[in-house]
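First up is the structure itself, then whatever we jot down about it.
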Amino acid sequence: MGSGSYKLSGVWTAMNSASHLLRPIFAEVDSDGRLLRADEALASLNRRAGGIEGGILAIPALASLAQLAIRLQMRLSRAVRVADDAEHLELWVEVSPESNLAKLSIVSWQVLPSGSKSNRADLNNVSLAHAGVMHFDSRYRLLRVSGVAAQGLAPSDFGRDGFEVLGDLFEADDGLSLLLDAMVQRVGISARRLNRIFDGQPFAVTGQIHTDNYQLLFSTISPAETVNVSSGTRGTPDAMFGKHLAPVLRQPLGRIIANAETIGSELQGPIRENYALYARDIANAARHLSALVDDLGDLEAVERPDFKTAQDQIELGDVARRVAGLLALKAADHSIRILTPPESDKVPAIAEFRRTLQILLNLVNNAIRYSPDGTEITIETKQSEASSMISVSDKGAGIQPEDREKIFQKFERLGRSGDGGSGLGLYISSRLAKAMGGEISVSEAEGGGAKFILRLPSG
Amino acid sequence: MGIPLDHGVDHNDQLLKVAADHARDINALCADVATVIFPLAIAPPSEAMVAAVSTRLREIILDIEAAILPIDPDQRLATWPILARSGFLREPDLIDFILARVAEDSLEVVVKNGDANLLTRLLDHRNDNIADAAQTLLAAESLHRHSAGNSHYALSAELFHKLCWRVAAAHEISQGARKPDVIAAVRAAIAQYSEANRAQSAAAKIAHFCNEAERSGFLTLATAGVHLHVAALSAMMGLDQDHVVRLMAAGSSGPYAVMLAAAGVSKIDAIEAIYLVRGGSLTSREAGIFDAGYAMLERHDAEAEIAKWAAARTNYLAFGQP
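Now the structure itself:
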């Protein structure tokens, strides 16, 4: 469909924004939203939207308006925006209810000129390359939808939790899990195949961060077509937790954390002091659970026989400074200083950047947790012929020699509990180090405390 | 000799009722006091605004009672105490509607000094849909300004339906019996209602049917008048009209400036519109913020920000959480 001169069921109308239909398009919809009768223009639009004759009207905005008129038994007159392939239409619809059905009279049918929709300017650019786009706000509520992505949605879906909307619309399979996982982690994701439940239509869906928001770009694919899943895909068919359970668990945990923080920080107004403390406890407990979910997902990944890491050229001093930056606030809470190697010392290594960062975050996190307040944690780098090395030393109680092997075992806590640890961090770090061709060991730091050393292949 | 009782209490059951009401009241008092001391809004309501909202709300209930209840004029507002106690009159969609009307009134006061003649010119438009809608809009504005007893016709379909049935229910509660004649009167009032006769609907229809050049003329508040200006912004932003009008009358001119930026209005025109809306009382701080910020504001950033407002409003009207 294009702008300019336009033919609808034998009714010519100039489709610029100043024109209107020469005679209205009529339709009848019952209280269940079924399209009982429609002039060809609307029937055709309904078919393009996936509807069938006598079935539920597949244009949610129109169906809702008809049902509202029947429920209220009132005459309504409103502009309705609908998507038709990649275009947006604005219809002026007058609805008269008659007991159990609504008579629709569409007196104007306009193709919205692309670019004129102010709050869709950026979207229009995207729409040229994609059949549909879904926009979510920073709290993952559905903001707006265009093109094929709008089919199957009701007006009440806007403002709803995006995870729930996607869960309602698409089959719960690996593609959806990975997509939700990427949204939770606020990272982009390459094309994943999603199958829409109501019409079985498969899509290749790409996720992107867009300013503070998240957007999904939809491209239609044929049922037989497969989506080229990018390398570095997480999980195999056996990876049940990381792929299926972790995203499902992260969503409610994320909400618990956000709501408890809102209550605890008294953003909605003052509450009793005890309640604010309870709310902070809830947030901390949920954060702990969330970290455990991450650990279990990683555990499953590192234990797979085919687990591999990328071989990036990295600089260990750079990793150290990033970790120090990420944990600066947490360390400051305990008046702990994190000392990093000088920028002039370059120690290159071959390892996956993200995994190395993860290992070092775990080591420095542990050091903060077990160091006395007001002490220092030292991160040092060193280059030898065979390997590159980065160490984390603290001023805590240290690790007894007989425990230095044991501490890298799964769920080993050395008898400690209640400190927020899961007993998985060092095990996972150790497995990651091995997967990258390196190792982690622990010794006694100068002046007491523990010194964890990560060795990686030299760059 | 007995001890005199206050409140005219002379039966045990009435004593219990009064006691129960006031026992509940001490909890409600906490919430009221907290709201007064710690208002949630950046710009808390002025006394004038509270009075205007309260008056408008009473007027609507009064007009609905007059339309559907067979009671004498001196018994009007009989349903008010029941409706007020039920909590219905506190619901966000109703208060939002009233606040939008109060904002609209205040905007019309400042705009009427201008040359708002665009609407009358549309009466002769070659497109019948536009000419008819202009006629409807003029009639609705006139009804609103000059005719008492019709305030309920300004309600949206959803609110009209809800309010009529709740007033009928409150009447039945006060009378202690079903009232078939009232139910029939509600059905008749609902059947007579036509959304197309609302000023907002007529303005939206004009904005829909006009071409882009004509619509851009609506962005000049002084000549377009409040309804057409709001309808044009509403169509461009994808916000509902009551949302636009409330943003225009917000405590700061910031939201209006962002809407104008998203609509592509030039800085000079925008400052004129803001100056008009603020009744010529733009503070130096606002002017400073505007001067520095407007030129730097990217249109797509303004659009992205406005999209968030729409989502927040949907959430608020559905769940009542700001």
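So the protein sequences, as listed, match chains A and B.
Sequence positions in the first sequence follow the working numbering and run 1 to 459.
Sequence positions in the second sequence follow the working numbering and run 1001 to 1322.
For glycine and all other residues, C-beta sits at the position ideal for the given N, C-alpha and C.
The structure presented is a predicted model; accordingly, all values stated were derived computationally and were not measured.
Of the residues assessed, Phe1038/B falls on the exposed side of the cut-off, its CB having fewer than 16 other CB atoms within 10 angstroms. Below the 8 Å Cβ cutoff, chain B contributes Asn1129 as neighbours of Val107/A, in chain order. Judged by their CB atoms, Ser388/A and Leu456/A are nearer to each other than the 8 Å cut-off. By the neighbour-count criterion, in which a residue is buried when 16 or more other Cβ atoms sit within 10 angstroms of its Cβ, Phe1160/B is buried. Taking the beta carbon of Tyr1193/B as reference, the chain A residues within 8 Å of it are Met74 and Arg75, listed in sequence order. Scanning Phe353/A, Arg186/A and Gly297/A for the CA closest to the CA of Leu316/A turns up Phe353/A. The beta-bridge partner set that DSSP reports for His135/A consists of Arg144/A and Gln215/A. Proximity of Thr1314/B to chain A, defined by a Cβ-Cβ separation below 8 Å, is satisfied.
Between Leu357/A and Val302/A, the C-beta spacing is not below 8 Å. For Asn274/A, the uninterrupted alpha helix (DSSP H) run begins and ends at Glu273 to Val302, by DSSP.
Using a Cβ-Cβ cut-off of 8 Å, Arg144/A counts as an interface residue toward chain B, since at least one Cβ of chain B sits closer than that to its own.
Residues of the region 158–176 of chain A that bring their beta carbon within less than 7 Å of a beta carbon in chain B comprise Phe158 and Gly159, in sequence order. In this structure, Leu35/A sits away from Ile106/A, with a CB-CB distance that is not shorter than 8 Å. Between Ala1168/B and Ile1068/B, the CB-CB gap stays under 8 Å. In terms of Cα proximity to Ala386/A, the closest of Ser429/A, Glu439/A and Arg404/A is Glu439/A.
Shortest Cα-Cα distance from Ser138/A to any of Ala1311/B, Ala1199/B, Val1182/B and Glu1195/B involves Ala1311/B. In the structure shown, the three-state DSSP call for Phe411/A is coil. Contact annotation: in the region 1156–1169 of chain B, residues whose CB is within less than 8 Å of a CB in chain A are Ala1157, Glu1158, Phe1160 and His1161.
With the rule of 3 Cβ pairs closer than 8 Å, the region 427–442 of chain A does not count as touching the region 321–335 of chain A. With a threshold of 8 Å between beta carbons, Lys1308/B makes contact with chain A. For Ala1204/B, the residues of chain A that pass the 8 Å Cβ criterion are Arg78 and Ala79, in the order they occur in the chain.
Fewer than three Cβ pairs drawn from the region 1180–1187 of chain B and the region 1097–1114 of chain B lie within less than 8 Å of each other, which leaves the two stretches out of contact. Residues of the same chain with a CB within less than 6 Å of the CB of Gln73/A, apart from the 5 flanking positions on each side, are Pro97 in chain order.
Here the alpha carbon of Ala1235/B sits roughly 42 Å from the alpha carbon of Ala279/A. Taking 8 Å as the cut-off between beta carbons, the residues of the region 83–107 of chain A near chain B are Glu90, Trp92, Glu94 and Val107, in sequence order. For Arg337/A, there is no enclosing alpha helix (DSSP H); the residue is part of the beta strand (DSSP E) that begins and ends at Arg337 to Leu339. Within its own chain, the residues whose Cβ lies closer than 7 Å to the Cβ of Ala1140/B, once the five positions on either side in sequence are excluded, are Asn1197, Arg1198, Ala1199 and Ala1202, listed in chain order. Only residues of its own chain outside the window of five on either side were considered, and among them Ile209 and Tyr214 have a CB closer than 8 Å to the CB of Arg186/A, listed in chain order. Nearest CB-CB separation between Ala1028/B and chain A: not below the 8 Å threshold. Note on geometry: alpha-carbon atoms of Ala154/A and Ala61/A lie some 7 Å from one another. Residues of chain A with a Cβ closer than 9 Å to the Cβ of Ile1190/B are, in chain order, Leu72, Gln73 and Met74. Unbroken beta strand (DSSP E) runs of no fewer than 3 residues, entirely contained in the region 339–371 of chain A, are found at 348–351, following chain order. Residue contact with chain A for Ser1216/B: absent (no Cβ-Cβ distance below 8 Å to any residue of chain A). From the beta-carbon of Ala1318/B, the residues of chain A found nearer than 8 Å are Gly159.
With fewer than 16 other beta carbons inside 10 angstroms of its own, Gln409/A counts as exposed. Taking the CA atoms as reference points, Ser99/A sits about 7 Å from Ile70/A.
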